[in-house]
Each structure stands twice: as C-alpha cells, then as structure tokens.
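This report refers to the structure that appears directly beneath it.
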Amino acid sequence: MKVGHQNGVRDSWKEAEAAINFWQALEYLAPQSPPAVKLEDSVWEFERDAVDRELPWRDSKKRAILDRQIGPNRKFQLFAGILNGGYFIESARRYLSADPIDNSELRPTSPAACVVLNVNGEGMASGQVFVSTVPWAMGQIANARNQSAALDFRGFFGIGGLEEQIREKVQDLMVERRLLARITCEVPSDESTAEETTPVPRVDACVEGDAPAVAEFRPEPPPLRPVTSGDVQVITNLVFELSGWHPEQLERWRIQALWAPESEAVDSEASKASQDDPLNSFYAEDLEDVGDAVAARKIGVGLEAYLKGEDSIGRVDLESEVDRLIDGVHPSKLPAGCWPAKFPLVTAQQFAVNTVMNDLADGAGLFSVNGPPGTGKTTMLKDIIAAVVVNRADVLVDFDTPTSAFAKRLGIEDYQYPVYELDARLRGFGIVVSSANNGAVENITKELPGLAAIAPGIDLDYFSVLADSVAAPQKAKQRAATQERWGLVTAVLGNKSNRSQFATRFWFSGLPQKKTDGKPQPKPDPLRLRSLQDLVKTGEHGALSWEEARSQYRQARKRVNGLTRMAANVADAIQLNTRAMAEKKVALATLTNNEQAHIGQKEAVRRAQASLETAIREDERAVHQVSICKTWSNADAERKAQQKAYDLLRETVDPAALDNAGTGHETAVAAIRGIQTDMEFHFRGKPGFFSELFRTQYSRRWNVRGVELEQQLREARVREATAADRLAKEQAFGRKLGTLAEAVAAANRHEANCRKEVERTRISLDDICRDEGDAGLPARLLDRLTQARDRSAIIVRDARDTLGHAQTLLGATQQRIDEAQSRVTRADADLKKAQRALSASEVPADKIALWDLSKLDRDSLHRAAPYEFTALFEARRDVFVAAMKLHQAFVVAAWSRLSRTLSAFVSLLQGNLNVTQIEKGPIHLWDAFFLVVPVVSTTFASFPRLFRSIKSEQLAWLMIDEAGQATPQQAAGAIWRSKRSVIVGDPLQLEPVVGVPQELMAPLLKRCSAEKQWSPPRASAQTLADRANRFGMYLGEPDAEERIWLGSPLLVHRRCLDPMFRIANSIAYENKMVYGTNDDDGPDGIGPSRWVQVQAEHSDGHWVEAQALRAMELVEQLTGGVLKQNGQFKVYVITPFRTVGGKIRQLLYRRYGEVSKGMAGTVHTFQGKEADHVVFLLGGNPSSPGVISSFAGAKPNLVNVAVTRAKRRLYVVGDRRFWTGPSDVHRIFNRLAEHLDNVPEEIPA
C-alpha cells in the first residue's frame, strides 16, 4: 500500500511528505556533468597518472592555444571523481532494488563529476574545493536499513556537516602537500555556503583595538607548488572515503580553462570568493526545512494547496462559463490603481488581476495564470504590483507623522546603532519576483523601471537618478547621459555579485569623500552614480512634502473611487438593461405563446366538460338499465326457484295419501274405541275379593284377559298416534304445496311486471331473443348491460381525467400569462431604471455600446479592454503615480529613523550582519526595504540564501515567472516562505530540465512511495499551481488521456504575425488563442516566412554544414551585416540541438565578432525572448530519425517556443523529407510545413 493511502483513502499530508522526500532525492542525486572534451572550448582530459608537463599550465602547446583562445588572464577548473553515466545509473538502480536494464536500452548519459578544484592561471590551488552530494546520497541509499522508511539525506550541508568536514580535511591535505598555505584562523561568515564564504585571515589571540600579538618564531614553510595528477588522485580518494561510498570505476579527469579578471588569474583568494558551487543543488538544503514544515503540518495556505495533489474544488471553466469571466472583470472588482501603461488590460488579464487582488490581498493562498507566448504576462504582473503598492499607500496616507511608523526599536545583538521596527500595518506588502530562468527574472525587473514601461506623458519620477545608478553597467562610474528609468521600483538581487553591487550603489554611491586639508574639493560629476543616502542628504530626492503628497493621493483616490462607483453603476445598468430587454423579450414571447395556447385550452376544457356530461348521462342510463334488468333477473330467478321448489315438492306427494291417512286414522280411532268397549264389558265381570284373594281360575282368566286388553289398547293407541302423525304430515304437505303454488303465482306475476318495466325502458330484447331465444333472457341481458355500464364508467373516468388535464393546462397557462405579465412589468421598470442610470453617466456613448460584454463574440470579448473608460483608466494610473509619490515623500519624511533600519538591511545584504543577531528575524529589515523598493527579484537558485531565516508566509507576495520551466521542488521553498503566490507560466512551452536520469525516476518514486504526479518534467511548478486553481480552462476532450487544466489563461496573442501565430495556436493550443497582433508595418525584407529546403546529404551528428551556411546567408540578407537595431537583435538563429547551437555560434562569431553573442543557441536559451526574424536551424542526423519522435517532435513545446520568438518572419532551414517523415508521429513538423506552405506571397507596395 502506498504510504499516503490508508484503507484506500488518500492522505494528502503523507503524500506531500513523500513528494518532498522524492524531490530531495532528485536534488541530492542530480549529477553535474563536467564540460565536454573539446579543444575549441579549452577542455582537456587526463589519465590518473598524467605527467605534470601535460597539464595546461605547464604544457607550452596548450598554453599557446590558450593565449590565442582566452588570453593571458585565465584560470582553470579541475573536474575529478568523474562517474560514468551508465555505471552511476546501474549502481543507483541496484541500491534502489530496481530491476536491471539492458545496456542497449540505456540512453546516452553524461558523466558526473564529484569533485571540483579551482586553480589559477599558474596551476596554484585556491583552496576552494567543491564536493558533490552524489557520493553521499549513494551511500545513504545503499546503507539504508529500513527500506520502507523515507530516505534520509540530512547531515551533508550546514555547520558541522559532512561538506564542511570534507573541505576542512581536503584543505589540511592540500596544506600538507604544499598546495596551500595554512591560514591560522578565520572569521566565520553567517553565509557559510560555497557561494558566500569568504574566509578572512586573522591572527590567533587578537584583541579588538590592540595590535596583534607577536607570534612565536616558526621556520619558513616550504614554497607552494602547482597541482599535479597525484594531488588529484589523493584528494579524490579522500573525498570518496569521507563520503562513505567509493565507486568501482572512474573516468579520466578534466580541466577547463576560463577567462578570469586579472585579479583572479593570479590571486587564488579572489577566485575563491567569487565562485558558485558548480556541483550541488541550490535546493537540497532548503527542502529539508520545507520537509520539516510539512511534517509539522505548518506550511501555509499557498504551499498546502501546491502540495495537495488533488483537483481544485468547484472548478470554473472560463471557456464555457463565460458569465463567470464577465463577472470577474466588473468595475466594482477593479483595484484602485493600475500600472501607468499606454493601454488598459484585456479581459483575461483583468480577470486574473481582479481575482488575485480580491481573493488574496486580504488573505493567503496561491493563484496560477497560464500565459502562452506573447499574451502579456508581464503586463498583467505590472498591474498586480501597482495594486499592491496602492494598497500600502492606503495605509501610508493615514500616518500624520511618517517617523511614527518607526516607534519601536528592533533588537539586534552586537549592533551598535539603533534600528527601528516598521509599524505592523505597513508590513506585508513586499513583492518578490522569482524564476528558474535567469532571463525571465531580468526581463521583468529590468522592464518595470524603464521609461518604456510607462505611457508617454506620465509624470512619474521615483528616485530615477538612483534607479539609473543602480542599473548602470557593472564597472560604470557614471549614469547614462539621458534618463533611462522612471524610478527605483525593483532591485535585482539574488547572487552575491548582484547583492554586493546593489548594496554599494543603493547605499554608498555618490557620498562625499572625506575632506583633504588644504585641497579644494573637485566639482562633483553631474552624471556620477548616486545612492539613496546621497540624494536624501543633499535634498536632491525630488520628493513632495508629506502633506502635499497626502493631499494629492487623497484627491486621486477620491476621484478614482467616484469614477469606479459610477462605472460599476453603469456596468450594472447595462447588465440590468441587457437582462431586462432579454427578460422582456422572453416574457412577451411567453405571453404571446401562452395567450394563443390559452384560447385553445379553454375550448378544450369546454369540449371535455361536454364530453363528461354526456358520458355521465350515458352512465346514469346504463346504471338505471342495469338496476331494472337486475330486478327482472332477480324476479326471474325467484320465479324459477319457486317453481322448482313447488315442482320438487309436488313430485314427492301422493294425491291419495291424505285420504288414506285419514281413513287409517279413523280406523285406528275406531279400534281404540272397540277395545275400550271390550274393556268396559270386561271390568263389569271383575272377580270378587275372595276370588282375587285366592286366585281362582276365573280370577286368573279375568286378569289375563285384562292384561291382553290393556296390551291391545296400548298397541291401538300407538297405531292411532302413527296414523295421526301421518295424517298431520300429509295435511302439512298439502298446506305447503298450496303455499308454494301461491308463491309461484306471485313470482310469475312479479317477473311479468319486471319484464314489462324492462320493455318500458326501451331495452331491445329482440336481438337477444333472436340469437338465443328467451331461455335465460334476463341474466343474459343483465350481463350485457353490466358490460355496457362498466364501459360507460370508464368513459366517465377518462372524461373526468381529460377535463382535469385540460383544466390543469389552462390553469398553468393562465399562471404563466400572469407571471409573464408581471415580468414584462418588472422588465419595463428595470429598463427605465437602467436608462436613467445610463443617461446620467459620464461614459461616452460609443464606449457604452461596447460595455455589454455578453453580446461580444469570443474573440472580441478577449480582445476587449472590459468596460473601457478612459477617464477611469487615467484616474487609476494617477492613483498609482500618486501612491509612488506618497511612498517617496514618506521615505524622505521618515528618513531619520528609516535610514537606520535601511543601514542595517544593507549590512545584512552585504553579509556583515548575521540573521541570528536579529531578535525578531530578518523579515523586519526586509519589510523596511520593501517600503522603499517594492519589488525584489532573484532566481530560485539564490532564493534560500537571499531569504535565509525567512519562515513560512513571512514574505507577502511571490510572483513566479516561466513556472512551466521550473521543477516543482525549485519553487517549493519560495512558496513556503510566501503568504501569497502568483504563479505564471505555460506548460506547453519548455518543460523543466531534470538532472537525474530518467532511468532513476520510477525507482525513486517507488522507494519514496510518491505519486507520479510529483515527477518532473511531467510535473512543473506551473502544473501543480494550475491544479490548485479553480479558475481555468481545459485543453483536450473530456475523455482524452492528456487533458490539461490551465489556470486562468491569457489568450490574446500580441507578438507574432501569421503564420507563427497560426502554427503555435494549431500545434499547442487547439486554436484557442486569439489573434491580437497589429498589422505588419515593417519592411518586406527577404520575403515571406517559409521552409528553406536544404537536404541533409552530409552531416556530422546533427550538424549539417550546408544548412548552417544557408542560415548564415539568411542572417546576412536580413541584417545587412548590422545585427542589432536599437540594441535588439534583428534575427535569432535557434536550433533544437546543443552541438548545432555551439557551431553556429562559432560561425557567427567568426563573421561578426563579439556583437553576435546571444543571437544563436538552442531553443531552451530563448524562452522569453523575441526578435523580428527567426532562423530555425533544424540540422538533424539523417541516420537518427528517432530524435524527432523522442525529442524535437515528441511534444509541441519545443517548436512552440522556437516559432513564437519570431515577431514578423520565420525561416525554417532543414531537410523537409527528414523532418516530416514517418518519425514525425505527432505531425508537429508536418503542420509547421503546411502552415508555411500556405503563407501568401508578399506583393510589393
């Protein structure tokens, strides 16, 4: 089970921990390739036991070559401990328990250097040793005991870490081997990384203010000597031994000669101080802090969204839900201030700005903007910057006394000057612009303060002299003769060199020199570099008084508030008018339709009612007939039953039975009487007493006779009783038979009457009698009538249903009529209200016509400046101008205390103040600086050092540019430190460059239990930010495997003419970009864009000389030998391949010299740049067509970037048969060629 899943439920926190661990592995295992061995690049390789005379500082031939290629001022970098790329991959996969891979399937990989030594021009070591994290990381993975636990890379960086220990051991070894002189002690710097550390020699037991103690006598150490191959072996072995991993095989070591300033060419310490770490990741150590924060569940809103790894909830597809897009640009949502540009933003830009400021300004979080080439990403960011500055101005203006914003002292340990803490209300407005792309950072921060960045006629000067001074060329002593910048709105910081130059010029330039007794001070140079201190102290700052600045700002704010309310009311009125008109139209149509339907439905009700009444009458008649017939049927049944009973009884009775019973009874009675007579006679002869007493014969006979008579009497009586019973029964039968006869007669009469009643109801009996006769006539008739009655009942029910349905329809229609009439009434009222508001507005009538955004087609909507209103746009620009003047006045008015804090900040920037000395952390100094300079820029690589000890959400605003080129981990630390992050880029341009070989990606994901979505280059800072953004647009069909969600896309392309626009729009953006480029007003040049066919008959790898020579011809034709115009290249030569890029640069350099530097190279070096013309030099090895499907044509990104560098013309130089052949599986180059084929020929004017 994956570590982030419990019982099938995804645990986003566990997944985030796994992602951070995976990213750490990528950074620690990222191999850094040594320079390729090329004589023309002054790179040589050497065997382990190379003799000293072969080394370039000893070999006379090599020295002669270097004198020609570089000159006398040079230094060397020595790359040792070089791992074979295949061996590195195989070893790492083995340690990660991954299956072995076939070497034939292994892509060509570069070697990895593990040790770098700096050597001056004479071969003397500087003492600075760079050690790669790769051996350490390999040892950590190989020796991990718990394979299910997270990989642990702690312990390499930091104070007391392995890196520091190795350096100390190596330096001791170098001292022992007479390569370095021992330094007795060093003053540690707070910035202890390779880039920052500049050891400062000191003497043991030094006491401040005293002379150094006299050291005891020591013998003179032996002289130092140059580095030898033996030294390289010993140092390399020591590094691997201390790292805990020793490779079984190493490649030959290499030396590269580099140009160096004269000081570095002879002074190893100078070289040591200026060198960046060439081997290790700038993010590995920073990811440890982020990982700790994730484990503690304290990472801030922005980073939590970034690491959630789930689709945002409640996504709004701005492509389909256009009403949400329109709602997002409503004037009520406009920031009060905007950048003082010549033109307002278009719809998608304004939507992004409004959403960022409304959703993030008072809270925290993350917002992404997808910006294809030429869609105005920087323009949009300018408006966000302006809005943030104005938000701070809203707070500034409430301070009656600017110095009151610095009421509290800020504690700094061992700092002798007072420093003041900025009022909390003014904190949280600083903006940091960052990117993985140096050029992107420079483009933004150098563009913002330029005069070209603001509209002509804008009266804006924010320490412009200081801005020109800070931005002057590196060694310049003067500013340009004419003003080039409107103000110090940005500070280009980042690496130590930038920081040092900025600090010096920002704070110290132009300050008066100490007076020299007796010598007059020279007149200051009017074009000298000036610092902020200098301008304020001399009063040449140009700031308004605090009260005047407040007054101007309040007036500007009041005007913009009023215009915004008015514009919002007008927009509401237009929307109300549109809704009301639409509602009235619909209501009237509904009313008409329903009134027509109402007429038909009333008739239907009438017909249904009539049908029901008829059905009821028929039903009642049927019921009556059934009732009558049922009575007849019952009477007939009764008659038949009575007759049957009479007949049955009559059949059981003998007609003579009653007479016989009577005679028999009379006979029985007579018999009794006779016996009784005999008994009377017998009792007369009753014997006397004595006869009875003596039982005489007479007595006995008499008694016997008496008994006999009694017996006869009893029997006679029984017979009489039986005869009487028989007589009674016969009499009863007779009576019953009579009764039944009467009943039969009555039933016959009743049946006859019922039949007559049936006949009176006009029920026809003839049909039934004719078909079946009279037998069972009533029952058959009843059955038929019952069926008829049931049918009539169904007819009644159906008629009732029909009537009910008709009445329901009629009622519903009437209700709709009533509702429609009410809606018409309301719509009329709304229309009158809207018209009153529109007639009272200041918006010109011709503009109002364009304010109904819902009526615009898609392209027009996106090209529009939504709710364009010149007065409001100018008022918003004026608010920003007033805000900058307010800031300027505040800086000057608060100078007595602000300067103290700025001085401490400069010390921090120069490395003279340790962040640990500041009690509340360095953010308080940064916030004071941001008050003066709103925007700071740095690359991601310098971010951790520049903002050391800045914790979660302490930076107010982060703006990331070209985020599609940044790996997710490069941005993680910056987002963690920032409360609000605006991430801008395009995943369809160049993807992130990943140092770790692809063969290690899957094993590392599995080992770290991380999901694929975290793995670059598929994942970038842009893709993760886009996934967290609920506003966006889909590319791809719903069921497509590669469906992409783009956060808040900018769609109006204003850079390239056709066919470049059509090419990019077709191959990368599904034709969803909107063409917004002005007509071409430039010279015709050498003809339209086209494919310049040059067959690749002979090639050296991907280098096709014939194609390169044709490209050179095109450059000459396009430039006339003058490569630049107004400081910009007229043409770029761009290629997919590094080898081609290197060789074409050499050809250009040979023909045009130094001025050609920067005009040619690989596509990856040109993202963010543009020129009128581009020569896309394809090259390509004819024997390696797979390079198209696997690299150049695998995705549209590379061609997209190359094509969109050209503003006016694109010339593709290459072998069309090769590039559009079967290997172009995605038809990217085919479509490129097709679009070029469709370019019309230019007709001369």
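Numbered according to my numbering, the sequence shown spans residues 139 to 1383. Using N, Cα and C, we set each Cβ at its ideal position, and we do this for glycine too. Computed from a predicted structure; not experimentally measured.
For residue i, I'd like the list of residues in its chain whose CB is within less than 8 Å of its CB, leaving aside the five on either flank, ordered along the chain.
i: Gly802; result: Ala861, Arg864 and Leu865
i: Val1212; result: Arg996, Asp997, His1000, Arg1001, Leu1189, Val1190 and His1191
Hey, quick one: how far does the beta strand (DSSP E) through residue i stretch, first residue to last?
i: Leu1184; result: Ile1182 to Gly1185
i: Gln1136; result: Looking at the DSSP string, Gln1136 is not in any beta strand (DSSP E), and its letter there is neither H nor E.
i: Lys1307; result: Where Lys1307 is concerned, there is no enclosing beta strand (DSSP E), given that its DSSP letter is neither H nor E.
i: Ser1121; result: Note on residue identity: the sequence assigns Ile, not Ser, to residue 1121. Taken as a continuous stretch (DSSP letters only), the beta strand (DSSP E) holding Ile1121 covers Ser1116 to Gly1123.
i: Gly1170; result: Phe1169 to Leu1173
i: Glu183; result: Val181 to Phe184
For residue i, collect the residues of the same chain with a Cβ closer than 7 Å to its Cβ; drop the 5 residues on either side in sequence, then sort them by chain order.
i: Gln1255; result: Ile1224
i: Ala1021; result: Gly475, Val527, Val528, Ala531 and Tyr691
i: Pro1154; result: Thr1105, Pro1106, Pro1130 and Val1132
Assuming residue i is part of the alpha helix (DSSP H), what are its boundary residues?
i: Leu947; result: Leu915 to Ser977
i: Val175; result: Premise fails: Val175 is in no alpha helix (DSSP H) and is neither H nor E.
i: Thr730; result: Trp684 to Thr790
i: Val674; result: Leu670 to Thr676
i: Ile569; result: First-last for Ile569: Ile569 to Ser573, but that is the beta strand (DSSP E), not the alpha helix (DSSP H).
i: Val896; result: Gln835 to Arg898
i: Val1073; result: From DSSP, Val1073 is part of no alpha helix (DSSP H) but of the beta strand (DSSP E) over Val1073 to Thr1077.
i: Arg305; result: Leu300 to Glu314
In three-state terms, what does DSSP make of residue i?
i: Tyr1207; result: coil
i: Phe102; result: Because the chain is modelled from 139 through 1383, residue 102 falls outside the range shown and cannot be assessed.
i: Ala1094; result: strand
i: Phe821; result: helix
i: Phe827; result: helix
i: Lys1281; result: helix
i: Phe1275; result: coil
i: Ser409; result: Because Ser409 carries a pLDDT of 48, less than 50, the predicted location of this residue cannot be relied on, and no value is offered for it.
i: Leu289; result: coil
i: Val147; result: strand
i: His1191; result: strand
i: Arg1086; result: coil
i: Phe1028; result: helix
i: Leu1047; result: helix
i: Ile986; result: helix
i: Leu1162; result: helix
i: Glu1379; result: coil
i: Arg1365; result: coil
Please work out which residues of its chain come closer than 6 Å, Cβ to Cβ, to residue i, disregarding the five sequence neighbours upstream and downstream, and give them in chain order.
i: Gln1231; result: Arg1354
i: Ala578; result: Asp1099, Glu1100 and Gly1306
i: Gly261; result: Trp195, Pro364 and Val365
**Message:** Any contact between the segment 1315-1325 and the segment 1223-1242? By contact I mean 3 or more CB pairs, one from each, below 8 Å.
**Reply:** yes
**Message:** Which complete beta strand (DSSP E) runs does the segment 450-538 hold, if anything under 3 residues is left out?
**Reply:** 503-508
**Request:** Evaluate contact between the segment 146-159 and the segment 220-230, counting only Cβ atoms and requiring at least three cross-stretch pairs below 8 Å.
**Result:** no
**Asked** Does the count of Cβ pairs from the segment 1156-1163 and the segment 1106-1117 closer than 8 Å reach three?
**Response** yes
**Request:** Within the segment 198-267, note down every full beta strand (DSSP E) run reaching 3 residues or more, in order along the chain.
**Result:** 212-218 and 253-258
**Message:** For the structure I just gave you, are there three or more beta carbon pairs, one from the segment 814-830 and one from the segment 870-887, closer than 8 Å?
**Reply:** no
**Continuous alpha helix (DSSP H) assignments of at least 4 residues falling wholly in the segment 1297-1362** = 1335-1341 and 1354-1357
**Segments assigned beta strand (DSSP E), at least 3 residues, entirely inside the segment 1216-1271** = 1228-1231
**Message:** Check whether the segment 1084-1092 and the segment 431-446 are in contact - that is, three or more C-beta pairs closer than 8 Å.
**Reply:** yes
**Message:** Within 8 Å, do at least three Cβ pairs link the segment 420-439 to the segment 248-267?
**Reply:** no
**Asked** Is the segment 532-547 touching the segment 1044-1054 in the sense that three or more CB pairs, one from each, lie closer than 8 Å?
**Response** no
**Request:** Report yes or no: do the segment 1077-1086 and the segment 566-577 share at least 3 C-beta pairs separated by less than 8 Å?
**Result:** yes
**Message:** Extract the residue ranges of the beta strand (DSSP E) inside the segment 584-637, only unbroken runs of 3 or more that lie entirely within it.
**Reply:** 628-630
**Message:** So, does the segment 513-523 touch the segment 1000-1013, judging by three or more C-beta pairs under 8 Å?
**Reply:** no
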